[in-house]
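Positions in the sequence shown are counted from 1; adding 8 to them yields the working numbering.
We put the beta carbon where it would ideally sit given N, CA and C, even for glycine.
Please read these numbers as outputs of a predicted model, since none were measured by experiment.
Below: the structure, in structure tokens.
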Amino acid sequence: MKKAIFAGLFTVLMLGPVRNRAFAQGQTWLGQTLEQSINSAWGKVGVLRYNAALQVDSSGYDSDIYFGMLANRVPDYTFSAGPDLRVFLPVNKRVVFDIADSPRYAFFAKTERERALNNAFIVNLHIVYDRVYVQAGAGLVNAKQRLNSEVNLNVRLKTDDYSGLLLWQASKATSFALQYQRTRYAYENLVSETTDIRANLDRTESFARFLAYLQPRLRVRLYLQGEYATYSFAARVSSFKDSRSYGVYTGAEFMPPEGGYESETSGTRGGLSLGYKRLDVIDPLQKDYSGLAGSAAVSLGIMRLTALRLFFSNGPQFSTYSDRIYYRQTAYGAGLSRSLSRHVVFTYDFSYSRISYPAAEIVGPGPTNISNFRYWTHGLRLSFRLRKDLHLSLLADLGRKNQPSAFRPVSNRAFVGFSLTYGYFGGSFSLPTGPLI
């Protein structure tokens, strides 16, 4: 389940007709956000509200679909498409079901083994009172996708996710929340030349979080979070990776201004989450992690029709290899967005990513020549709003990877293609839950 999709949680509802409004969602900021989403939904059938879209994801020509993982380049033409559907179904005045489904078919012209049918399904139950919101949800993902930055292979991943959230709106500007989330990761039985992915990565992660929110201004929301998590690996050979973590983070969300096309590159939007994390490996012979963790993606309007974009992420990730517990990934970048007209936006981004390993852990057999490596990426995007419900983007990405121990120490990758959206996405509710790394 992609963390960029489950970073935001679907939240809070109360049902009840109000003059000139379809629903009333109490006094919580989550309920008000939900009310806006329901009332702005594209379609309705009775009390049911829905958004639907046909999405063509980044499709085009890729000069190396494995980005240097194999001894020779594997160029191919790719295409990925499918519908997105989100439905709000009220049960009574205080209870609403929120259901979303996103099937996708990924097509590769030459590499037939990479063709796949993927799907992500989420259902949430929202119960809302005047100042209290309760949410319970579950999600299922079955998708073949790029494993991670460490191993550029396409691997089928199945996840099941259960979560719950309790939020109390103490005042107009202050609220508090408790959250629990459990996710089980199960990978396909793919054994590469260097690692058994299922044995090394199948695991269950559980998180408990406390969050305090402060909203001093209409379009700025601050928060403080404490987090405790456990990580339990399924295979006995990987039990040395069993860990727990502790984290304290502070963050902010910036809601974009409303208005015409100028608002796409004006004001401040995005969010950041930065703090301290300690990954405590239960095996006393293994090396722990402690230090900075978090992420940021913020757009700043620096002049009329022009915005500066900033990106950052840092923190530990569990390693795919059998003789490594985790690696540290640090990424940062910047870019510019420029509104060329009412219907055209140009965007350029540059990013740099570094993966580094701690001193070798004392564990069993596995590759011993793993080395730190780096990515550089340039991205260009020209976006057209052809109609209110039709958006087209032309894409070009240039990447370079430096990994001394790989088959090709220096690898280059180019992608040229497009994305297309017809219809209206359901969106998700903004609820910070920690660093997305």
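Which of the three DSSP states, helix, strand or coil, is assigned to L155?
coil
Are the segment 380-388 and the segment 41-56 touching by the rule of at least three beta carbon pairs closer than 8 Å?
The answer is no - the segment 41-56 does not touch the segment 380-388, with fewer than three Cβ pairs under 8 Å.
Does Q143 come out as helix, strand or coil in the three-state DSSP assignment?
strand
Is DSSP giving L313 helix, strand or coil here?
coil
Is the separation between the beta-carbon of R317 and that of L344 shorter than 8 Å?
yes
Excluding the 5 residues preceding and the 5 following P91 in the sequence, name in chain order all residues of the same chain whose CB lies nearer than 6 Å to its CB.
L62
Give the range of the beta strand (DSSP E) segment to which I135 is assigned.
124-136 is the span of the beta strand (DSSP E), which, as asked, contains I135.
What three-state label does DSSP hand Q44 in the structure shown?
helix
Taking 7 Å as the limit between beta carbons, can you name the residues of its chain near R393, skipping five residues before and five after?
H351, H399
Do T191 and D169 have their C-beta atoms closer together than 8 Å?
A contact, by the Cβ cut-off of 8 Å.
Could you check where the beta strand (DSSP E) with R217 kicks off and where it finishes?
211-225
Can you have a look at S110 and say buried or exposed, based on whether 16 or more other CB atoms are within 10 angstroms of its CB?
So S110 counts as buried.
Please list, in chain order, all residues of the same chain as L388 whose beta carbon is under 6 Å from its beta carbon, the five residues on each side excluded.
Short of 6 Å from the beta carbon of L388, and not among the five residues preceding or following it, lie these beta carbons of its own chain, in chain order: Y356, A404.
Give me, in chain order, the residues of the same chain whose beta-carbon lies closer than 7 Å to that of D84; leave out the 5 immediate sequence neighbours on both sides.
D70, I73, F116, A117, K118, T119
Going by beta carbon distance, what residues of the same chain come within less than 8 Å of S298, once the five residues before and after it are set aside?
Y284, K285, R286, L287
Tell me whether I370 sits in a helix, a strand or coil according to DSSP, three-state version.
For I370, the predicted structure reports a pLDDT of 41, less than 50, and the residue's modelled location is therefore unreliable. A value from the coordinates is still provided. In this structure, I370 counts as coil in the three-state DSSP scheme.
Return the chain-ordered list of same chain residues with a C-beta closer than 7 Å to the C-beta of N197, the five sequence neighbours on each side being excluded.
R206
Excluding the 5 residues preceding and the 5 following T314 in the sequence, name in chain order all residues of the same chain whose CB lies nearer than 8 Å to its CB.
These residues qualify, in order along the chain: T273, L344, S345, R346, S347.
Between which two residues does the beta strand (DSSP E) harbouring F358 extend?
DSSP places F358 in the uninterrupted beta strand (DSSP E) bounded by 352-364.
Measuring CB to CB, does S251 end up less than 8 Å from Y236?
no
Got a sec, what are the start and stop residues for the beta strand (DSSP E) Y74 sits in?
No beta strand (DSSP E) contains Y74, which DSSP labels as neither H nor E.
Any idea if L56 is buried or exposed, counting beta-carbon neighbours within 10 angstroms, 16 or more meaning buried?
exposed
Please name the residue, chosen from T182, I130, R121, N208, that lies closest to S171 on a Cα-to-Cα basis.
I130
Using CA coordinates, which residue listed in G407, R277, S214 is at the minimum distance from R229?
With distances taken between Cα atoms, R229 lies closest to R277.
Between the alpha carbons of D331 and P366, how many angstroms are there, rounded?
11 Å
Whose C-beta lies closer than 8 Å to the C-beta of P373 among residues of the same chain, with five residues either side of it excluded?
In this prediction, P373 has a pLDDT of 42, which is less than 50 and means its spatial position is unreliable; what the coordinates show is noted afterwards. Counting only Cβ-Cβ distances below 8 Å, and skipping sequence neighbours, we find S330, D331.
Identify whether F1 lies in helix, strand or coil by the three-state DSSP scheme.
One cannot answer for residue 1 here, as it falls past the ends of the chain, which runs 9 to 445.
Hey, how far is the Cα of Y193 from the Cα of S349?
In this structure, the CA atom of Y193 is about 44 Å from the CA atom of S349.
So for N197, helix, strand or coil by DSSP?
coil
To which residues does DSSP link N162 through a beta bridge?
N162 is bridged to R154.
Give every residue of the same chain whose Cβ lies closer than 7 Å to the Cβ of K59, excluding the five residues on either side of it in the sequence, and list them in chain order.
The amino acid at residue 59 is misidentified as Lys; the sequence shows Asn. Contacts found: A49, W50, R94, Y432, F433, G434.
Given A128, which residues of its chain have a CB within under 6 Å of its CB, disregarding the five upstream and five downstream residues?
S110, V149
Check for me: the beta strand (DSSP E) holding Y85 runs from which residue to which?
84-98
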